[in-house]
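Below you'll find the structure, written out as structure tokens, and then a few comments.
Protein chains: 2
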Amino acid sequence: MQAYSYTLNHSAEHVFSQAVKELYGDLVKPAVAHITETGFASDAKWSFNLSEEKLPEIEAKMAEIVSKALPIVKKEISCEDAEKLFKDNPYKLEWIKQFNEQQKTLTVYWTGDQYVDLCKGPHVSNTSEIKAFKLLSLSGVYWRGDSSNEQLTRVYGVAFSSQSELDKYLQLLEESKRRDHRKLGKELNLFVFSELVGSGLPLFTPKGAFLRSRLSEFSEELQRKAGFEQVWIPHLTKVDLYKVSGHWDKFGSELFLVSSQETSDQLVLKPMNCPHHAQIYASQIRSYKDLPIRYYETTTVYRDEKAGELSGLSRVRSITQDDAHIFCRMDQIESEFRNIMTMIKTLYNCLGLSFSARLSFRDQKRPEKYHGDDEIWCNAQGIIERVAQSLGLDYFISEGEAAFYGPKIDIMITDSLGRKWQCATQQLDFVQPKRFGLKYIDSDGTEKTPVMIHKALLGSIERFLSVYIEHTAGVLPSWLCYHQVAVIPISEEKHIEYANEVNVKLKENGIRTVLFDQAETVSNKIRKAQTEKYPYMIVLGDKEKESGTISLRLRTGEQIAGLSISQFIQKVKEIEQSKSHKIW
Amino acid sequence: MQAYSYTLNHSAEHVFSQAVKELYGDLVKPAVAHITETGFASDAKWSFNLSEEKLPEIEAKMAEIVSKALPIVKKEISCEDAEKLFKDNPYKLEWIKQFNEQQKTLTVYWTGDQYVDLCKGPHVSNTSEIKAFKLLSLSGVYWRGDSSNEQLTRVYGVAFSSQSELDKYLQLLEESKRRDHRKLGKELNLFVFSELVGSGLPLFTPKGAFLRSRLSEFSEELQRKAGFEQVWIPHLTKVDLYKVSGHWDKFGSELFLVSSQETSDQLVLKPMNCPHHAQIYASQIRSYKDLPIRYYETTTVYRDEKAGELSGLSRVRSITQDDAHIFCRMDQIESEFRNIMTMIKTLYNCLGLSFSARLSFRDQKRPEKYHGDDEIWCNAQGIIERVAQSLGLDYFISEGEAAFYGPKIDIMITDSLGRKWQCATQQLDFVQPKRFGLKYIDSDGTEKTPVMIHKALLGSIERFLSVYIEHTAGVLPSWLCYHQVAVIPISEEKHIEYANEVNVKLKENGIRTVLFDQAETVSNKIRKAQTEKYPYMIVLGDKEKESGTISLRLRTGEQIAGLSISQFIQKVKEIEQSKSHKIW
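Chains Y and R, in that order, are what the protein sequence lines are.
Taking full-length UniProt numbering, the leading residue of the first sequence gets 1, the next gets one more, and so forth.
Taking full-length UniProt numbering, the leading residue of the second sequence gets 1, the next gets one more, and so forth.
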């Protein structure tokens, strides 16, 4: 991984502004800079239209400044002096006025004796330390982010302490653009958006719907085998349910409000499934012998996200979860956590995803932030760590990351670009069962309150898909492919009959195959199958027809000749059965 | 079926009121009567508490009046005379005043010379024609249905022209009470309601969710095999979509309105799926060679029903449909209709439901009510009738029942009580593709508009379940049972080991089985399995243990001894596979 540096990026931004000043003088008025570990952005008023073509010119000037090895030096300054120094820049004057009102000490940073900016630092001591940098892109922004203010131009850049790190970074950037799930979703025809339907509300085409179902069916199969029972709940619900559960007080503003024109009911779209599952639990008297009761359901919840935060499948307004809730006794927590973690391991192994487990515990110093007594928390956290240890998980403890209602395990997957994403989760809940007055009759005849465990294996299926499409660059395991095999006759005339025969045989065996019978060249057909990321291409010519065999071309480029059809069918079926992410 | 009669029920109501008057005099003031083909209801102010125990006394008095063979005679009357005649009855006076204002002619009916009521008839000519009658039940109602008015007591009754018809009717009534899906849903633990969730919004327990899934999976399997592709759409959508589709203008008041707190989007819960599926169609350029395109999806739509109309699963606010939409050329309609009708036949045959097909055509005399030109309609209706004929359907034509956008076939099933229900449907649509500007490139390179076909096999799954539960009285086919087999050891001590062995073997073979290992008598266990309508009970004692066989008891009462476990497994698997409604 790259060694990112806040300080280096900060100084690179100064060098950028100096270069702009040297090139364009008063035509550009710097307003404000934004620095992070992984880059910088510089907002300024440009009196001409800056285009991306200009960036190399600026980069060249920056290189010149860097090569001059100018010292970067901090100085304190009075507001009066600062006002004089920046008298031509209204943005800086606004900053100075604000500092003056707050009676803060002002500092400036000088780069050599040519360039100065209001700045609280920190910076590297010399421009020569900026070994590698790159200006990346442009965008329009508003002064202070307020759309009633003047529009400015933002330039994004990044700096590293070596060229090789910059190269790696640029490669990653290129790769993540190539893998952007929004782009791939379109290219592979997985999902579409419609202006009439609205933003954050994707519609899934047959290919995308297949992918969704396959993933959720796998998750459901794992759950059924692990003793979970499917239930079904409505998406529309009286707000009363969330008043009792406490979600209304906590997340009221994120809920979609639904009004009935025929009744006075105050309704909402469900933001969570746990309260419903609790209602099913509560519909009967339960005995300690009935526990654990495990309800699962692949169902959709709704969150009223800000329009600007919606993006592809990463952030949507209707979120489908492979959700489940377990109602159990305290002495059953350990086996339930083990049970869930085993499913997670199976699922992520099949999908070729490596993960680490974050054990989110309470902040020991502030026990008052959490509900439930000390003994229960210590006990539960001990159990969770024991499960993580005994299953040989790659885990770490995060103190203070627990929910107020209980500790949890969050699964962090690392994708092929090294990015980390939180997907699966399992959470203990000591609070909700009490709020709903859930009970069971214990062996001694007394009424007790069960513990609840929330779990999701994939989490949000939409978000998981966004991660998984980018992780795989759309090159999906065979069992997730809507079309697995392209059957390609070399000559339309001579081989179509045999190709058809092969195609039918594959279909009869449940293999998802397409006969490429268009009047096109073989290389075009292969290119098309390759673009659409078919795992298998079967190319059929004279040799194959005569010997009754097939020639196989994997999308990896590997070629296998002289396979019998039944050998191929058996292999593909085995892979489908094992849900392997390998295709041969 | 019974010969119901409006006139007979009307006269029976007069006889009822006369009997009440003879028995209780001024203690009861008749207010208004409600007559239908299938019964009567009489609202009155009772100055004492009427209980069901009193009904036989009234019935006896009614019988007396009937046996007197009193003539029932119509007479015109002036408002003045009517006011004198009914001076002690404030309800009748209110009616008279109303008639007076509307300057209508008043009529009364005299029964003999003892009893008279304001009435516009018609009536039978003599009380002796009322051969059989029965008072059924009581309820509290408000005068003129307005809850701000005085409360009255309603008595329900029914009359027939023969005792055998009444007997049949009462038997049917008893049977339909026994089969009430709301009662059975509770007893068999299929679904629950929660006050916090709201009315018309059932939650399905594991048993009920299993039943739902099995039905919808079967429907989906039929569709997949018939070339339909699954898609996925959000339940939440901008109202714009329904403005374009035309649903907003037609059904606006039945829609649930959704407000976003974060954006200004006007959203609704989807009342239909067709506009979404049209958006997926529209997301790509389509060629004549791509058609038919068939999208299916089991998904939920929402209707803002009046609270008073909600009932069990028959009328709910969140309605799950096994919906599908076909986009095709005119020349493909016939094969598509045949394709759908074949699925419907398979589905309903498996479920043991007989049906007839209503071909809903346009009203020939009012072609202006319908969209699309004459030729298209005649052609389409011809095709539909040809399909019905060639598939040997029991069909009838209903002129004037077509939708304005196209003709359709509605499937009417007849349940075991002889009641008819509309379930499956397939509808041609010439309008919506135009509204959404859907196109395909025809073989001659020109742009054409496809035809759309809407279809549902089960229709609303909730409503279908209400019908099917009542049809079967909850005695479901084995493949729809959450639990198929009860394994019952005769002695806890001596046979539990063998029972466990049998139970495990069945489970390994995918049979849904429960070991009845509670410390209870065998007859109690059998009674329990019988109440919960397990198709199969396996009773295991010394004989079975020694010979390694099983004794089978079907829920029909039939018993089969000396079966091998593998024989039983094979048979149950075959039945599961064929989705038969027979269990042996």
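Beta carbons: idealized from backbone N, C-alpha and C, even for Gly.
Considering only 238(R), 180(R), 280(R), the residue with the shortest C-alpha distance to residue 190(Y) is 280(R). Closest in alpha carbon position to residue 164(R), among 134(R), 182(R), 483(R), 34(R), is 134(R). Between residue 99(R) and residue 92(R) a beta carbon distance of about 10 Å is seen, past the 8 Å cut, so the two are scored as non-contacting.
Taking all protein chains in view, the Cβ of residue 68(Y) is surrounded by fewer than 16 other Cβ atoms within 10 Å, so the residue is classified as exposed. By the criterion of a C-beta distance shorter than 6 Å, residue 192(Y) is surrounded in its chain by 203, once the five residues flanking it on both sides are discounted. Residue 491(R) and residue 507(R) have their C-alpha atoms spaced approximately 22 Å apart. In the three-state reduction of the DSSP assignment, residue 113(Y) falls in the coil class. Under the Cβ criterion (8 Å, minimum of three pairs), the region 531 to 545 of chain R counts as touching the region 495 to 503 of chain R. For residue 472(R), the closest Cβ of chain Y is not nearer than 8 Å.
The count of Cβ pairs closer than 8 Å, one atom from the region 210 to 222 of chain Y and one from the region 297 to 309 of chain R, stays below three, leaving the stretches out of contact.
If you check the CB distance, residue 406(R) and residue 429(R) come in under 8 Å.
Taking C-beta atoms under 8 Å as the contact rule, residue 304(Y) and residue 256(Y) qualify, at a distance of about 5 Å. Per DSSP, the beta bridge partners of residue 399(Y) are 361(Y).
Taking a Cβ-Cβ threshold of 8 Å, none of the residues of chain R is close to residue 178(Y); the smallest such distance is about 23 Å. Between residue 28(R) and residue 20(R) a beta carbon distance of about 5 Å is seen, short of the 8 Å cut, so the two are scored as contacting.
At a cut-off of 8 Å between beta-carbon atoms, residue 198(Y) makes contact with chain R.
Interface residue (Cβ-Cβ distance to chain R less than 8 Å): residue 256(Y) is classified as such. The C-beta of residue 17(R) has 16 or more other C-beta atoms within 10 Å across all chains shown, which makes the residue buried.
Comparing alpha carbon positions, the residue from 62(R), 222(R), 106(R), 229(R) closest to residue 115(R) is 62(R). For residue 341(R), no beta strand (DSSP E) run applies; the uninterrupted alpha helix (DSSP H) run containing it begins and ends at 333 to 350, by DSSP. Separation of the CB atoms of residue 388(R) and residue 395(R) is rounded to 4 Å, and the pair is thereby assigned contact status at 8 Å.
As computed with DSSP, residue 133(Y) is found in a beta bridge with 159(Y).
Judged by DSSP in its simplified three-state form, residue 281(R) adopts helix. Inter-residue distance for residue 343(Y) and residue 384(Y) is about 16 Å (C-alpha atoms, whole angstroms).
Rounded to whole angstroms, the separation of the alpha carbons of residue 355(R) and residue 330(R) is 28 Å. Taking the CA atoms as reference points, residue 567(Y) sits about 53 Å from residue 186(R).
Apart from the 5 residues on each side of it in sequence, residue 576(Y) sits with its Cβ closer than 6 Å to the Cβ of 479 in its chain, given in chain order.
When C-beta atoms of the region 266 to 277 of chain R are compared with those of the region 224 to 242 of chain R, three or more pairs fall below 8 Å, so the two segments count as touching. Under the three-state reduction of DSSP, residue 513(Y) is assigned to strand.
Contact annotation: residue 209(R) and residue 162(R) have beta-carbon atoms that are not nearer than 8 Å. The Cβ atoms of residue 226(R) and residue 321(R) lie no closer than 8 Å to each other. Within the same chain, no Cβ atom closer than 8 Å to the Cβ of residue 196(Y) is found once the five residues on either side in sequence are excluded.
Beta-bridge pairing by DSSP links residue 423(R) to no other residue. At a C-beta separation below 7 Å, residue 443(Y) has no neighbours in chain R, since its nearest C-beta there lies roughly 15 Å away. For chain Y, the residues of the region 212 to 237 of chain R that bring a beta carbon within less than 9 Å of one of its beta carbons are 212, 213, 229, 230, 231, 232, 233, 234, 235, 236, 237, in chain order.
Taken through DSSP and simplified to helix, strand or coil, residue 91(Y) comes out as helix.
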